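Visitor:
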Amino acid sequence: MAAPQSILRNVIWLDQPMDLLIDQGTIMGLVPVDQGREITPLERDMDGQGAWLLPSLIDAHVHLREPGQEYKETIATGLQAALGGGFGQVMCMANTDPVNDHAQVTEYILETAMKTHPMGPRVRPVGALTKGLAGKELAPMAELARAGCVAFSNDGVPVGDNDLFRRSMEYAADLGLKVIDHCEDPTLSGHGVMNEGVLSGQLGLKGSPWVAETLHVARDIMLAEYLNIPVHLAHISCKESVEQILVAKEKGLPVTAETCAHYLVWDETMVQGYNFLAKVHPPLRTREDVMALRRAVKEGVIDILVTDHAPHADFEKETTMDEAPNGISGLDTALSLYASLVRDKVLTREDIVTRCALRPAEIFNLEVNRFAPGNRADFVLFDPDHAWIVEPSTMLSKGKNTPCMGTTLLGKVIAHYLKGQLAYTL
Amino acid sequence: MQWNHKDLLDIDQLNREEIGYVFQVADRFVEVNKRPVKKVPVLKGKSVVLFFAEPSTRTKTSFDIAGKRLSADTFSLTKTGSSLQKGETLKDTALTLQAMSPDAIVLRHWSSGAASFLAQRLECSIINAGDGRHAHPSQALLDGFTLRQVWGDDFGGKTVLILGDIAHSRVARSDIRLLTMLGAKVRLCAPRTLLPSGVRTWPVTVGHDLAKACRGVDAIICLRLQLERQKAGLLPDLREYAKTYGLNDSHLEKAAPDVRIMHPGPINRGIEISSALADAPGSLVLDQVTSGVAVRMALLYLYLTRTISV
Chain A
722 MAAPQSILRN VIWLDQPMDL LIDQGTIMGL VPVDQGREIT PLERDMDGQG AWLLPSLIDA
782 HVHLREPGQE YKETIATGLQ AALGGGFGQV MCMANTDPVN DHAQVTEYIL ETAMKTHPMG
842 PRVRPVGALT KGLAGKELAP MAELARAGCV AFSNDGVPVG DNDLFRRSME YAADLGLKVI
902 DHCEDPTLSG HGVMNEGVLS GQLGLKGSPW VAETLHVARD IMLAEYLNIP VHLAHISCKE
962 SVEQILVAKE KGLPVTAETC AHYLVWDETM VQGYNFLAKV HPPLRTREDV MALRRAVKEG
1022 VIDILVTDHA PHADFEKETT MDEAPNGISG LDTALSLYAS LVRDKVLTRE DIVTRCALRP
1082 AEIFNLEVNR FAPGNRADFV LFDPDHAWIV EPSTMLSKGK NTPCMGTTLL GKVIAHYLKG
1142 QLAYTL
Chain B
73 MQWNHKDLLD IDQLNREEIG YVFQVADRFV EVNKRPVKKV PVLKGKSVVL FFAEPSTRTK
133 TSFDIAGKRL SADTFSLTKT GSSLQKGETL KDTALTLQAM SPDAIVLRHW SSGAASFLAQ
193 RLECSIINAG DGRHAHPSQA LLDGFTLRQV WGDDFGGKTV LILGDIAHSR VARSDIRLLT
253 MLGAKVRLCA PRTLLPSGVR TWPVTVGHDL AKACRGVDAI ICLRLQLERQ KAGLLPDLRE
313 YAKTYGLNDS HLEKAAPDVR IMHPGPINRG IEISSALADA PGSLVLDQVT SGVAVRMALL
373 YLYLTRTISV
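Keeping their order, the protein sequence lines are chains A and B.
Offset between the first sequence (1-based) and the working numbering: plus 721.
Offset between the second sequence (1-based) and the working numbering: plus 72.
1) Touching or not, the segment 983-994 of chain A and the segment 1004-1016 of chain A, by the rule of three or more beta carbon pairs under 8 Å?
2) Taking the alpha-carbon positions, what's the G139(B) to A176(B) distance?
3) Please state the DSSP three-state secondary structure of V289(B).
4) Leaving out five residues on either side along the sequence, give the residues of the same chain with a beta carbon under 6 Å from the beta carbon of A1017(A).
5) Can you pull the chain A neighbours of V243(B), defined as C-beta to C-beta under 8 Å?
6) Within 10 angstroms of the Cβ of Y792(A), are there 16 or more other Cβ atoms? Answer buried if so, exposed if not.
7) Mind listing which residues of the segment 173-192 of chain B have their C-beta closer than 9 Å to chain A's C-betas, in chain order?
8) Could you have a look at M722(A) and say whether DSSP puts it in helix, strand or coil?
9) Can you tell me whether Q993(A) is helix, strand or coil according to DSSP?
10) Mind checking E794(A): buried by the 16 CB within 10 Å criterion, or exposed?
11) Count the other CB atoms within 10 Å of the CB of E675(A); is the residue buried (16 or more) or exposed (fewer)?
12) Quick one: list the residues of chain B neighbouring L924(A), beta-carbon separation under 8 Å, in chain order.
13) Would you kindly report the start and end of the unbroken alpha helix (DSSP H) that includes E934(A)?
14) What are the boundary residues of the beta strand (DSSP E) that includes N200(B)?
15) What does S874(A) pair with, by DSSP beta-bridge criteria?
16) Against P268(B), what residues of chain A qualify as contacts under a CB-to-CB distance less than 7 Å, listed in chain order?
17) Hey, is D882(A)'s beta-carbon within less than 8 Å of any beta-carbon in chain B?
18) Report the residue from R341(B), N87(B), Y93(B) whose alpha carbon sits nearest the alpha carbon of A370(B).
19) Given a cut-off of 8 Å, decide if I779(A) and L1014(A) are closer than it, judged by their beta-carbon atoms.
20) Starting from the Cα of T252(B), find the closest Cα among I234(B), L319(B), S269(B) and give me that residue.
21) Which one of D1104(A), E1083(A), K852(A) has the shortest CA to CA distance from I733(A)?
22) Is it buried or exposed, F873(A), if we count other Cβ atoms within 10 angstroms and call 16 or more buried?
23) From the DSSP output, in three-state form, read off V382(B) for me.
24) For the alpha helix (DSSP H) containing L1014(A), list its first residue and its last residue.
25) Got a sec: is the Cβ-Cβ distance from V271(B) to anything in chain A below 8 Å?
26) Whole angstroms is fine: what's the gap from T747(A)'s alpha carbon to T1075(A)'s?
27) Below 8 Å on the Cβ atoms is my guess for A802(A) versus I1025(A); work out the distance and round it to an integer in Å.
28) Alpha carbon to alpha carbon, how far is D136(B) from V361(B)?
29) Counting only Cβ-Cβ distances shorter than 8 Å, please list the residues of the segment 791-813 of chain A near chain B, keeping chain order.
30) Skipping 5 residues on each side, what residues in its chain have a beta carbon closer than 7 Å to that of E934(A)?
31) Beta carbons nearer than 9 Å to chain B: which residues of the segment 1038-1066 of chain A have them?
32) Do E1039(A) and K163(B) have their CB atoms nearer than 8 Å?
33) Do N731(A) and the ligand GDP come close, with the Cβ less than 7 Å from some heavy atom?
34) Using a cut-off of 7 Å between C-beta atoms, extract the partners of E917(A) located in chain B.
35) Checking 8 Å against the spacing of the C-beta atoms, do V871(A) and L854(A) come in under that value?
36) Name the chain A residues that come within less than 7 Å of T161(B), Cβ to Cβ?
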């Protein structure tokens, strides 16, 4: 082995203390700690001080709001939040204004990202499934793929037309890309602002029932089986959807699924007191759903974890539950929430690596650092004991809309390296 | 009793003793309302904003009269007459109002939780005059007060049927909280499409057969049916609803002999209730309106003098 350019000593990889050897932005090796290792005068020697070593994470579901709603978030601020949150690649959904349903929008997103963050994180645009997200005609998916889109989705505006959805899966498959479905039957969910159940009845709020989600999960699974074409199910929120996905996986069907940090941590009781910060789409469900989702993540029934980062301006969110927009700003806090699940022995560090980096890379055919020699040295150092208060000044996203606001979280990214270069430090 | 509450958002903020106290204070104002000159100076110099972002006749007028009879200055604001219609947020409208230093805002709003939203942000008292489908505490208090005038303080052993669109009714939710707290049994009767999620966990019995639901009840509270429920797919048509869930003489034969009929108004005559029953001797519909003024006088008095021992 040639002498490395840098040595990052004493980091925790999974459960082992390791030294990371890097040369010119490339992994040379991840080896057991050796205090006696000789350092040449040319080598840069750094102490990781026992921080968790993670590959730079992939968030397969974010909303960056630009173009069109820059007052909520810009590509620059969203990527800065991704950097500070530990994400080296983010897949941004198409519901911008204009919608990302033609190549110019895709190119604008990629060029803006390159201008503001030339070192990364990298944006991976998700093209619209239908023109204008209207659910009437297919978007020009080949053009979008050529421009740089890595998947297609009508996220935020579910496709009710079953035949059109089938055709979108077929067309995307020809391009070698996946459809990400926002699973919701809008005729059943109506204008629900929280989970339909006992609490919505007490609070007098319109509820959105789990069956609105699960009906479309079942539809998509059946289409995947009938067509033998993969489909990826977005932001799964309830036990019954997990049950459908489990059956599909047991049958060997090409179905993958994601859930979000907020569905693993909070339940519908967060809405008590008409807490608009906990209004999210699909809604936070019951404790039983939370527990089912945790098991599903652990067992791989849910393949990946995403944030569904949905920033909004304060003045939009700070109103009644009926009028507040849906969404939680997640990039800044997701890894701290995952770490809380590790602390509570719900997940392991390996689960985080798998669900937030390796599996998303497999599903969407993205590059990822597996710490194998020759891999890009994109990695994160995470201090699990670093306490921080979530407040507007400590969040890098423009969107301060999170139920965490004002609380103290444990765990923070202390450094984020891209191509072996320090791109972010706390 | 020292009144320590800043806001009235729903009945469950009050305990039974406090509800009894509201009734006692309202008793005094019933007497005031019978005088030739129905005005007392107890709230002279106090300002009450009547902020009705949703249409209302009786509740708004009732609070307005209540305030004026206590010598408070009342100011009226509606959605059409406010910046809400120009797109101003509820928060900004409220902060603007606060800057004018009112002592209380009586709020009617189409969104559940709107009163709670203002109460968390404003220093003055917020009196919830109906928020979405959540709560209408002053209506519940006046309903309880009206029944108390008939039954006295003992609600134990009494059964009240609430009939109609429970799912969308803030009146029903607050009435259930109040009546069960006072010791009455509550029954609900409605088609399943007009019942809220989780109603089986509420401290009530639920049925869909009006004739059965009326058996032995001491009072029936009919709820207003919003006519657009048919268009929303919750009902086949109004005629069928009236025939299945409209209250008429035949139902009363199954109820207690001196059953009382109530309705928060405005009534769709011939749909929720037959026209004759609305005007029958057992009807308390107009008594509710009369009680409403006294109860709202009591509420304004208690909330606007809350730092003063009474």
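Using N, Cα and C, we set each Cβ at its ideal position, and we do this for glycine too.
Every value quoted in this text rests on a predicted model; they were computed, and no experiment measured them.
Guide: Quick look at the numbers:
1) yes
2) If you number the second sequence from 1, residue 139(B) lands on position 67. If you number the second sequence from 1, residue 176(B) lands on position 104. Their backbone Cα atoms lie some 11 Å apart in a straight line.
3) On the second sequence, position 217 is the one that residue 289(B) refers to. V289(B): coil per DSSP, three-state reduction.
4) Numbered from its first residue, the first sequence carries residue 1017(A) at position 296. Excluding residues within five positions, the ones whose Cβ falls inside 6 Å are V963, I1023.
5) Along the second sequence, one-based indexing puts residue 243(B) at 171. The premise fails here: V243(B) is roughly 11 Å from chain A at the closest Cβ pair, so nothing lies under 8 Å.
6) As a first step, residue 792(A) must be located in the first sequence, where it is residue number 71. Y792(A) comes out exposed.
7) H181, W182, S183, S184, G185, A186, S188, F189, Q192
8) Residue mapping note: residue 722(A) aligns to position 1 of the first sequence, counting from 1. In this prediction, M722(A) scores a pLDDT of 49, lower than 50, which makes its location untrustworthy; no coordinate-derived value is stated.
9) Here residue 993(A) corresponds to residue number 272 of the first sequence, with the count starting at 1. Correct three-state label for Q993(A): coil.
10) By 1-based counting over the first sequence, the position of residue 794(A) is 73. It counts as buried.
11) Residue 675(A) falls outside the range modelled here, since chain A spans only 722 to 1147, and no answer is possible.
12) Along the first sequence, one-based indexing puts residue 924(A) at 203. In chain order: S184, G185, H206.
13) Against the first sequence, residue 934(A) aligns to sequence position 213. Unbroken alpha helix (DSSP H) run through E934(A): 931-948.
14) In the second sequence, residue 200(B) corresponds to position 128, counting from 1. Segment 197-203, the beta strand (DSSP E) holding N200(B).
15) If you number the first sequence from 1, residue 874(A) lands on position 153. In DSSP, S874(A) forms a bridge with A849(A), I901(A).
16) Within the second sequence, numbered from 1, the residue matching residue 268(B) stands at position 196. G922, listed in chain order.
17) Taking the first sequence and counting its residues from 1, one reaches residue 882(A) at position 161. So, not an interface residue.
18) Position 298 of the second sequence holds residue 370(B). The shortest C-alpha separation from A370(B) is found at Y93(B).
19) Locating residue 1014(A) in the first sequence gives position 293, counting from the first residue. Locating residue 779(A) in the first sequence gives position 58, counting from the first residue. Taking 8 Å as the Cβ cut-off, L1014(A) and I779(A) do not qualify as a contacting pair.
20) Along the second sequence, read from residue 1 onward, the residue named residue 252(B) stands at position 180. The shortest C-alpha separation from T252(B) is found at I234(B).
21) Working through the first sequence from its first residue, we reach residue 733(A) at position 12. Minimum Cα distance to I733(A) is reached at D1104(A).
22) Residue mapping note: residue 873(A) aligns to position 152 of the first sequence, counting from 1. F873(A) is buried by the Cβ-count criterion.
23) Position 310 of the second sequence, counting from 1, holds the residue named residue 382(B). With a pLDDT of only 40 at V382(B), under the threshold of 50, the placement of this residue in the model should not be trusted; the figure read from the coordinates follows. Coil at V382(B), not helix or strand.
24) The residue given as residue 1014(A) occupies position 293 in the first sequence. Here the alpha helix (DSSP H) through L1014(A) covers 1008-1020.
25) For the purposes of this step, residue 271(B) is identified with residue 199 of the second sequence, where counting begins at 1. Yes, its Cβ sits closer than 8 Å to a Cβ of chain A.
26) Position 26 of the first sequence, counted from the start, is the residue given in the question as residue 747(A). Position 354 of the first sequence, counted from the start, is the residue given in the question as residue 1075(A). Near 21 Å, if we compare the C-alpha coordinates of T1075(A) and T747(A).
27) Along the first sequence, read from residue 1 onward, the residue named residue 802(A) stands at position 81. Along the first sequence, read from residue 1 onward, the residue named residue 1025(A) stands at position 304. Not a contact, Cβ separation roughly 19 Å.
28) Mapped onto the second sequence, residue 136(B) falls at position 64. Mapped onto the second sequence, residue 361(B) falls at position 289. Using only the alpha carbons, I get a separation of about 13 Å.
29) none
30) In the first sequence, counting from the first residue as 1, residue 934(A) sits at position 213. For E934(A), where only same-chain residues beyond five positions count, the Cβ hits under 7 Å are C904, E905, S958, C959, S962, P1003.
31) E1039, T1040, T1041, M1042, D1043, E1044
32) Mapped onto the first sequence, residue 1039(A) falls at position 318. Mapped onto the second sequence, residue 163(B) falls at position 91. Yes; because the gap between Cβ atoms is below 8 Å, this pair is in contact.
33) With respect to the ligand GDP, the structure shown offers nothing to examine, as it has no ligands at all.
34) Stepping through the first sequence from its first residue, residue 917(A) is reached at position 196. By Cβ distance, chain B contributes S269.
35) Along the first sequence, one-based indexing puts residue 871(A) at 150. Along the first sequence, one-based indexing puts residue 854(A) at 133. In this structure, L854(A) does not lie closer than 8 Å to V871(A) by Cβ.
36) Stepping through the second sequence from its first residue, residue 161(B) is reached at position 89. Going along chain A in sequence order, the residues near T161(B) (Cβ under 7 Å) are F1036, T1040.
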